[in-house]
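Colleague: The working numbering puts the first residue of the sequence shown at 40, with every later residue one more than the last.
Once you've had a glance at the structure underneath, I'll fire off some questions.
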Amino acid sequence: MTGRLTGLVKALRSHGLRIGPGETVDAAAALEALGLADRERAREGLAAALLHRESQRAVFDPVFDLYFPAGVGVPVRGDGDRDALRERLVAALAADDQALLARL
Numbered sequence: 040m041t042g043r044l045t046g047l048v049k050a051l052r053s054h055g056l057r058i059g060p061g062e063t064v065d066a067a068a069a070l071e072a073l074g075l076a077d078r079e080r081a082r083e084g085l086a087a088a089l090l091h092r093e094s095q096r097a098v099f100d101p102v103f104d105l106y107f108p109a110g111v112g113v114p115v116r117g118d119g120d121r122d123a124l125r126e127r128l129v130a131a132l133a134a135d136d137q138a139l140l141a142r143l
């Protein structure tokens with residue numbers, strides 16, 4: 040998760056937002072406390088830690104969506120599901136089954 044957070048901060052800085060080390064540490068603490076199970080809660084926690092003005096939301100929200108897309112942090116149903124998916128992907132790749140690959 041640290042890589043996603045540092046990527047988010049770098050991207051926000053590249054868009055002109057001034058985010059110092061203190062804000063970054065606060066954001067990491069917020070993310071640790073809130074987790075990613077509730078994506079909107081994580082979004083609001085990071086926004087509270089990183090932003091200084093409401094006008095910065097216009098930059099923050101789309102960048103957040105890039106670094107924390109839906110599904111990040113959602114618990115995996117189980118290793119069996121992951122193994123089954125891996126096997127299906129390998130079979131689809133071996134057969135060059137583009138339709139199955141698109142569905143998976």
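In this text, a Cβ means the ideal position worked out from N, Cα and C, and glycines have one as well.
Alpha carbon to alpha carbon, how far is residue 76 from residue 51? Give it in angstroms, no decimals.
Modeller: 23 Å
Colleague: Is the region 72-86 touching the region 126-143, taking contact as three or more C-beta pairs under 8 Å?
Modeller: no
Colleague: Starting from residue 53, follow the alpha helix (DSSP H) in both directions and report where the run begins and ends.
Modeller: In the DSSP assignment, residue 53 falls within the alpha helix (DSSP H) that extends over 41-53.
Colleague: By how many angstroms is the C-alpha of residue 87 removed from the C-alpha of residue 62?
Modeller: Distance between the alpha carbons of residue 62 and residue 87: 9 Å.
Colleague: Three or more C-beta pairs under 8 Å: does that hold for the region 94-104 against the region 60-74?
Modeller: no
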